[in-house]
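Peer 1: Have a look at this one.
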Amino acid sequence: MLAQQRQQAILERVRSSGGVRVADLVRELSVSDMTIRRDLEVLAERGLVEKVHGGATVAGPGSTEEPGFAAKSVRQQPEKEAIAQQAAQLVRPGTAIALSAGTTTWTLAHFVADVPELTVITNSIRIADVFHRSPRADRTVVLTGGVRTPSDALVGPVAVSAIRRLHVDTLFLGVHGMSVRAGFTTPNLLEAETNRELVAAAHRLVVLADHTKWGTVGISTIADLAEAHVVITDSGLSDEAREEFTSRVGELIITNSQPESESLSR
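My numbering numbers the first residue of the sequence shown as 219 and each following residue consecutively.
Structure representation (structure tokens):
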């Protein structure tokens, strides 16, 4: 195996599991300890991994770094569409749902736009626009006010006040990161406060997050892992993460990385 091929294999392993140990790579790739350490050094210099004692982890963003909606919308598109298709099966006619801001929940909005007699609460201008472009006389959409974030969420005291007296059957929550220690997180303090209010307003919490969110930690926690009734993610989630979710959440649903129908044209 060439050095470039070996480094690509190491990088894929890091991304799938969140981290690797030198000893494990030495055994799996049948090369020397020094060779693996050189490979990790090369990957770290390129900003692809972070070296830690005895191995390496995913090179993640800072806990307060918040990518814009456009930047996030092009990441893991097949995974997000598969997750959204699965989540849409949980939406029943005549119910009240809440959709937090985010690209995966925005994708879900397209799949539930034709559900009859639906009441939708959202703090996302983008999501409200999806329903505006596909009008139904039997649907009610409530858009909270608030201060706009880089990811196009409406947050802060105005949003919190609007949500506080509402009650919904199901909240579909998009998150920036998730881990055992920090739970479901966001890099925006005001968005965390607003999302916590959405969690409190919901009878059922369904978290939508692709596998790359595992191991990422934003500055503020929205909810602990155990608060989720359902987590919907994709098949790229590591075995370790699956075990953690299985022992903590009500139900873990793993989707295929490709949706059943053709990709949405947007």
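Quick reminder that beta carbons are idealized off the backbone N, C-alpha and C, glycines included.
Ordered along the chain, which non-local residues of its own chain (more than five positions away) have a Cβ less than 6 Å from that of PRO477?
Peer 2: Bear in mind that the predicted position of PRO477 carries a pLDDT of just 44, short of 50, making it unreliable; the figure below should be weighed with that in mind. Taken in chain order, the residues that qualify are GLU299, ALA300 and GLN303.
Peer 1: In angstroms, rounded to a whole number, what distance separates the CA positions of VAL386 and THR473?
Peer 2: If I take the Cα positions, the gap works out to 25 Å.
Peer 1: With DSSP as the reference, identify every bridge partner of MET396, one or two as the case may be.
Peer 2: Answer is PHE402 and TRP432.
Peer 1: Rounded to the nearest angstrom, what separates THR362 and ASP370 at their Cα positions?
Peer 2: Taking the straight line from one Cα to the other gives about 12 Å.
Peer 1: Are THR403 and VAL435 touching if we call contact CB-CB under 8 Å?
Peer 2: Yes, these two residues count as a Cβ contact at 8 Å.
Peer 1: For GLN225, which option in LEU258, PRO311 and LEU426 has the closest C-alpha, if you only look at C-alpha atoms?
Peer 2: Comparing Cα-Cα distances from GLN225 to each of LEU258, PRO311 and LEU426, the minimum goes to LEU258.
Peer 1: For the structure I just gave you, are there three or more beta carbon pairs, one from the segment 347-354 and one from the segment 411-427, closer than 8 Å?
Peer 2: Taking 8 Å as the limit for Cβ pairs, the verdict is that the segment 411-427 does not touch the segment 347-354.
Peer 1: VAL448: buried (16+ other C-beta within 10 angstroms of its C-beta) or exposed?
Peer 2: Classification for VAL448: buried.
Peer 1: Note down, in chain order, each residue of its chain lying with its Cβ closer than 8 Å to the Cβ of THR195, except the 5 sequence neighbours on either side.
Peer 2: The structure shown does not extend to residue 195, since the chain is modelled only from 219 through 484, so no value can be given for it.
Peer 1: With a threshold of 6 Å on Cβ separation, who are the neighbours of VAL267 within its own chain once the five nearest residues in sequence on each side are excluded?
Peer 2: VAL232, LEU261, ALA274 and ALA277, listed in sequence order.
Peer 1: What distance in whole Å lies between the Cβ atoms of VAL378 and LEU372, which are believed to be in contact at a cut-off of 8 Å?
Peer 2: Not a contact, Cβ separation roughly 10 Å.
Peer 1: Would a C-beta distance cut-off of 8 Å place VAL309 and VAL330 closer than the cut-off?
Peer 2: Yes, Cβ-Cβ distance for VAL309 and VAL330 is below 8 Å.
Peer 1: On the premise that SER318 lies in contact with ASP455, defined as a C-beta separation below 8 Å, what is that separation, rounded to the nearest angstrom?
Peer 2: Note on identity: in this sequence residue 455 is Leu, with Asp being the wrong assignment. Between SER318 and LEU455 the Cβ distance is about 20 Å, and since that is not below 8 Å, they are no contact.
Peer 1: By DSSP, does ARG351 sit in helix, in strand, or in coil?
Peer 2: In the structure shown, ARG351 sits in coil (DSSP, three-state: anything other than H, G, I, E or B).
Peer 1: What do you reckon, is the C-beta of ASP387 under 7 Å from a heavy atom of the ligand SAM?
Peer 2: Annotation note on the ligand SAM: not contained in the displayed structure, which lists no ligands.
Peer 1: So, with DSSP's three-state summary, where would you put ILE450?
Peer 2: Strand at ILE450.
Peer 1: Which residue wins for smallest C-alpha separation from VAL333, given the options ALA355, GLY468 and SER342?
Peer 2: Of ALA355, GLY468 and SER342, the residue nearest in Cα terms is ALA355.
Peer 1: Looking at the structure shown, is ILE437 part of a helix, part of a strand, or coil, going by DSSP?
Peer 2: Reduced to three states, the DSSP call for ILE437 is coil.
Peer 1: Below 8 Å between beta carbons: does that hold for VAL240 and GLY265?
Peer 2: No.
Peer 1: What is the residue span of the alpha helix (DSSP H) that VAL244 lies within?
Peer 2: Its alpha helix (DSSP H) spans residues 240-247.
Peer 1: Are there 16 or more other CB atoms within 10 angstroms of the CB of SER479, so buried, or fewer, so exposed?
Peer 2: In this predicted model, SER479 has a pLDDT of only 44, less than 50, meaning its place in the structure is not dependable; the value taken from the coordinates is given anyway. Burial call: exposed.
Peer 1: Return the residue from the list ILE381, ARG460 and LEU389 that minimises the CA-CA distance to SER397.
Peer 2: The shortest Cα separation from SER397 among ILE381, ARG460 and LEU389 belongs to ARG460.
Peer 1: Restricting to runs no shorter than 4 residues, where is the alpha helix (DSSP H) found entirely within the segment 247-275?
Peer 2: Correct list: 251-263.
Peer 1: Throw me the rounded Cβ distance for the ALA441 and GLY401 pair, which I believe falls under 8 Å.
Peer 2: ALA441 to GLY401, Cβ: 6 Å. Contact.
Peer 1: Within its chain, find whatever has a CB closer than 6 Å to the CB of ARG466; leave out the 5 residues flanking it on each side and keep chain order.
Peer 2: Excluding sequence neighbours, ARG466 sits near LEU443 and ALA444.
Peer 1: In three-state terms, what does DSSP make of ALA487?
Peer 2: There is no way to answer for residue 487, as the model of the chain reaches only from 219 to 484.
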